[in-house]
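Accompanying notes for the structure given below.
Residue numbers (the working numbering): 9 to 304.
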């Protein structure tokens, strides 16, 4: 799967994106570009009327007609209306605006009706890395601090559903550790071997590990170390053992390798666009486009 192909193929994308507290310039700028690039509608939920901010972007009338405002005096009323629209499927994607990530996650977890049958959320980052030959999915870089073996199995299951929705026919999943052979001295390596065994007979997924990072993404490194693997150097997705690894890897790739990203929360009945308030406008756009692709 090519990141650029996915992100640029947008003209026919449809759906209603609900944005909680879209009262900042970055979020509105991203929304304007989404309206231009897709056929989506956007509903803005908040306590502040964003009309003047929206007008400052000189949006054309046909685009303006696809922006819907849901403004209330009380925060509780905002959240209730958003929840009602998500439950009734009038809103198809939930996007974070100008509020902390913890608050939007608390909002989602509070509503059992939002969750799919696994009742497990994980964050996925999809990367366009100039030196890698295809899109790379990494989980979890923002949500699950120290996922158990069962948690990481649920992560892979969520990613499987996501990958099928956006067009993958198969998925190579690498389980990260700091070495390539399980040893009790490195618990993440033992966990990786157990998780790989769980998916051994799977048709859509090829799950292998443990991998050190270089062997997962570079075939020559794997060959030099004598690693026998069908997926070494060709992974589509990496599962990290804990948040410290994922978050450091995310920031290393975006700051040092100039990677573009698109970020979603998986595991609910609708895609959740969760980007940092410090993220670029383009990353916000990429993430929302990715969410719309999952609605197909």
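The beta-carbon is built from N, C-alpha and C at its ideal position, and this holds for glycine as well.
Taking DSSP as the reference, what is the three-state secondary structure of residue i?
i           : result
residue 131 : strand
residue 219 : strand
residue 242 : coil
residue 71  : helix
residue 137 : coil
residue 235 : coil
residue 19  : coil
residue 153 : coil
residue 11  : helix
residue 209 : coil
residue 114 : helix
residue 88  : helix
residue 230 : helix
residue 199 : helix
residue 34  : helix
residue 66  : coil
residue 204 : helix
residue 224 : helix
residue 304 : coil
In terms of DSSP beta bridges, what is residue i paired with?
i           : result
residue 54  : 79
residue 24  : 49
residue 191 : 194
residue 214 : 180
residue 109 : For residue 109, which the question treats as bridged, DSSP gives no partner whatsoever.
residue 123 : 276
residue 247 : 147, 183
Smallest Cα separation from residue i: which of the options?
i           : options            : result
residue 135 : 14, 277, 25        : 14
residue 106 : 179, 229, 18, 34   : 34
residue 83  : 112, 102, 73       : 112
residue 22  : 10, 40, 201, 46    : 46
residue 241 : 225, 76, 229, 124  : 225
residue 91  : 109, 74, 123, 65   : 123
residue 214 : 239, 190, 175      : 239
residue 185 : 49, 170, 221, 26   : 221
residue 38  : 293, 19, 86        : 293
residue 253 : 69, 119, 152, 28   : 152
residue 286 : 109, 231, 61, 95   : 109
residue 281 : 301, 262, 266      : 301
residue 140 : 284, 290, 11       : 11
residue 237 : 183, 262, 194, 258 : 183
residue 89  : 102, 53, 69, 61    : 53
residue 304 : 146, 219, 283, 278 : 278
residue 145 : 232, 275, 244      : 244
residue 276 : 267, 177, 119, 69  : 119
Classify residue i: buried if its beta carbon has 16 or more other beta carbons within 10 angstroms, exposed otherwise.
i           : result
residue 212 : exposed
residue 157 : exposed
residue 234 : exposed
residue 264 : exposed
residue 100 : buried
residue 121 : exposed
residue 269 : buried
residue 155 : buried
residue 104 : buried
residue 216 : buried
residue 168 : buried
residue 271 : buried
residue 1   : Because the chain here runs from 9 to 304, residue 1 falls outside it and cannot be looked at.
residue 81  : exposed
residue 160 : buried
residue 49  : buried
residue 189 : exposed
residue 295 : buried
residue 55  : exposed
residue 191 : exposed
Could you check where the beta strand (DSSP E) with residue i kicks off and where it finishes?
i           : result
residue 104 : 101-104
residue 169 : From DSSP, residue 169 is part of no beta strand (DSSP E) but of the alpha helix (DSSP H) over 157-173.
residue 98  : Taken as a continuous stretch (DSSP letters only), residue 98 belongs to no beta strand (DSSP E), as it is neither H nor E.
residue 270 : 268-274
residue 144 : 144-147
Identify the continuous alpha helix (DSSP H) that holds residue i and give its terminal residues.
i           : result
residue 285 : Neither: residue 285 is in no alpha helix (DSSP H) and is coded neither H nor E.
residue 292 : 289-301
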